[in-house]
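Residues 250 to 378 in the numbering used here are what the sequence shown spells out, letter by letter.
Data block below; observations after.
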Amino acid sequence: MSPSDLPVVEALDRATGPRRAESEELLALHREVSGHEPVVWAGRIVGFGEYEYRYESGHGGRAPELAFATGSKHTIYLERDFAQQWPDLLERLGPHRASTACLYLTRLSEVDRDVLRELLERSLAQTRA
Numbered sequence: 250m251s252p253s254d255l256p257v258v259e260a261l262d263r264a265t266g267p268r269r270a271e272s273e274e275l276l277a278l279h280r281e282v283s284g285h286e287p288v289v290w291a292g293r294i295v296g297f298g299e300y301e302y303r304y305e306s307g308h309g310g311r312a313p314e315l316a317f318a319t320g321s322k323h324t325i326y327l328e329r330d331f332a333q334q335w336p337d338l339l340e341r342l343g344p345h346r347a348s349t350a351c352l353y354l355t356r357l358s359e360v361d362r363d364v365l366r367e368l369l370e371r372s373l374a375q376t377r378a
């Protein structure tokens with residue numbers, strides 16, 4: 250994955266209706282938590298900051314420290330295995346689905362923003378460590 254020159258607004262415009270306004274809220278939250286300006290990665294992911302990673306297999310690359318993508322759902326990219334690490338936060342978050350490194354939200358308006366902020370802060374701290 251790599252950064253692109255695509256304007257952030259074009260990535261955000263993948264969302265329509267209420268999700269479009271929510272994408273602006275996610276943009277502000279990620280910017281505030283990360284301290285970085287947004288850059289579009291892989292043509293659709295809005296990323297903040299950057300780090301290099303390498304797996305035990307030898308595979309590696311670059312990735313944003315925090316990121317999200319929006320469309321029919323909001324996809325928030327977090328630390329690997331975040332659901333197992335922080336089940337207490339997910340219990341308080343509100344309606345969501347989780348995979349290995351992605352948090353899926355249908356509507357931002359239905360989740361606890363303080364809990365979401367804490368998830369982002371914990372994920373960023375682990376990524377930077």
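Just so it is clear, CB atoms sit at the ideal spot from N, CA and C, and this is done for glycine as well.
Keep in mind it's a predicted model, so treat the numbers as computed, not measured.
Residue i lies in the beta strand (DSSP E); which residues open and close that run?
{"i": "Ala-316", "result": "315–319"}
{"i": "Leu-352", "result": "351–354"}
Out of the options, state which residue places its alpha-carbon closest to the alpha-carbon of residue i.
{"i": "Leu-339", "options": "Leu-315, Arg-371, Thr-319, Arg-311", "result": "Arg-371"}
{"i": "Leu-368", "options": "Ala-350, Arg-269, Glu-273", "result": "Ala-350"}
{"i": "Met-250", "options": "Arg-346, Glu-301, Glu-305", "result": "Glu-301"}
{"i": "Leu-255", "options": "Gly-292, Arg-280, Arg-341, Ala-332", "result": "Gly-292"}
{"i": "Ile-325", "options": "Pro-267, Leu-278, Asp-337, Val-258", "result": "Leu-278"}
{"i": "Ser-348", "options": "Arg-280, Arg-303, Phe-331", "result": "Phe-331"}
{"i": "Leu-365", "options": "Glu-281, Gly-310, Arg-377", "result": "Glu-281"}
{"i": "Pro-267", "options": "Arg-341, Asp-337, Glu-359", "result": "Glu-359"}
Taking 6 Å as the limit between beta carbons, can you name the residues of its chain near residue i, skipping five residues before and five after?
{"i": "Val-288", "result": "Pro-252, Gly-296"}
{"i": "Arg-346", "result": "Tyr-353"}
{"i": "Arg-303", "result": "Gly-309"}
Residue range of the alpha helix (DSSP H) that residue i falls in?
{"i": "Leu-369", "result": "362–377"}
{"i": "Leu-255", "result": "Note, Leu-255: premise wrong, no alpha helix (DSSP H); not H, not E."}
{"i": "Asp-262", "result": "From DSSP, Asp-262 is part of no alpha helix (DSSP H); its letter is neither H nor E."}
Can you round the beta-carbon distance between residue i and residue j to whole angstroms, since I take them to be within the 8 Å contact cut?
{"i": "Ala-270", "j": "Gly-320", "result": "Going by Cβ atoms, the distance from Ala-270 to Gly-320 rounds to 14 Å, so no, they are not a contact pair."}
{"i": "Asp-361", "j": "Gly-343", "result": "6 Å"}
{"i": "Ala-316", "j": "Trp-290", "result": "7 Å"}
{"i": "Glu-328", "j": "Gln-375", "result": "5 Å"}
{"i": "His-323", "j": "Leu-357", "result": "6 Å"}
Kindly list the residues whose CB is nearer than 8 Å to the CB of residue i, restricted to its own chain and excluding five residues on each side of it in sequence; keep chain order.
{"i": "Leu-261", "result": "Arg-269, Ser-272, Glu-273, Leu-276, Val-295, Thr-319"}
{"i": "Val-257", "result": "Leu-276, Pro-287, Val-288, Val-289, Val-295"}
{"i": "Glu-259", "result": "Val-289"}
If you drop the 5 nearest sequence neighbours on each side, which residues of the same chain put their C-beta closer than 7 Å to that of residue i?
{"i": "Gly-298", "result": "Ser-283, His-285, Pro-313, Glu-314, Leu-315"}
{"i": "Thr-355", "result": "Lys-322, Pro-344"}
What residue ranges within the region 280–309 form continuous beta strand (DSSP E) runs of no fewer than 3 residues, ordered along the chain?
287–290, 294–297, 300–303
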